[in-house]
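Just below is one structure, and these are the notes that go with it.
In our numbering, the protein residues as written are 62 to 199.
Written out as structure tokens, the structure reads:
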């Protein structure tokens with residue numbers, strides 16, 4: 062997998078909470094030896110992100126725990142929840158941020174599109190249609 066971008070790639074501005082940024086940076090660094098390509102991709106996304114206070118993240122931004130509906134460049138719509146690797150369960154719609162699509166989604170806002178490379182190094186594009194922030198049981 063390569064992280065090279067071309068002039069045809071969409072690389073929109075992304076926004077992350079300080080807490081998500083800190084935890085994701087630790088996760089990516091810890092996985093560098095085991096998953097170098099995915100770790101590098103996540104680190105490059107973290108590097109370009111605008112960091113805001115945990116309480117200042119707009120509701121339409123994909124963050125950890127968000128439920129996201131997106132459309133692929135093939136026109137398929139998917140509904141997933143973005144989670145840490147330990148909580149991932151594809152059958153339940155919980156995808157890890159340590160997957161190419163999970164890393165592509167983090168920090169995007171409703172209406173934004175991004176190009177990314179899948180595990181077969183094929184160029185893909187997705188557009189975020191809706192975001193539901195994580196709900197905390199009370």
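All C-beta atoms, glycine included, are put in the ideal place defined by N, C-alpha and C. Remember, it's a predicted structure, so these values are computed and weren't measured experimentally.
What span of residues does the alpha helix (DSSP H) with residue 88 cover, start to end? Segment 79–91, the alpha helix (DSSP H) holding residue 88.
Short check: CB of residue 156 to CB of residue 141, under 7 angstroms? A contact, by the Cβ cut-off of 7 angstroms.
Residues of its chain near residue 93, where Cβ-Cβ distance is below 6 angstroms and the 5 sequence neighbours each way are ignored: Once the five neighbours on either side are set aside, the close Cβ partners of residue 93 are 100.
So, for residue 163: in the same chain, excluding its five sequence neighbours on each side, which residues have a beta-carbon less than 7 angstroms away from its beta-carbon? Excluding its 5 nearest sequence neighbours in each direction, residue 163 has C-beta neighbours in its own chain below 7 angstroms: 143, 156 and 157, listed in chain order.
Using only alpha-carbon positions, find the residue among 138, 135, 186 and 148 that is nearest to residue 161. Distance check between residue 161 and each of 138, 135, 186 and 148 places 186 closest, using alpha-carbon atoms only.
Residue 174 and residue 73 look like a contact to me (Cβ under 8 angstroms); what is the Cβ gap, rounded to whole Å? Cβ atoms of residue 174 and residue 73 come within 8 angstroms of each other, at about 7 angstroms.
Identify, in the order they occur along the chain, each residue of the same chain with its Cβ nearer than 7 angstroms to the Cβ of residue 87, setting aside the five sequence neighbours on each side. None.
Rounded separation between residue 119 and residue 180 - CA only: Between residue 119 and residue 180, the C-alpha separation is close to 30 angstroms.
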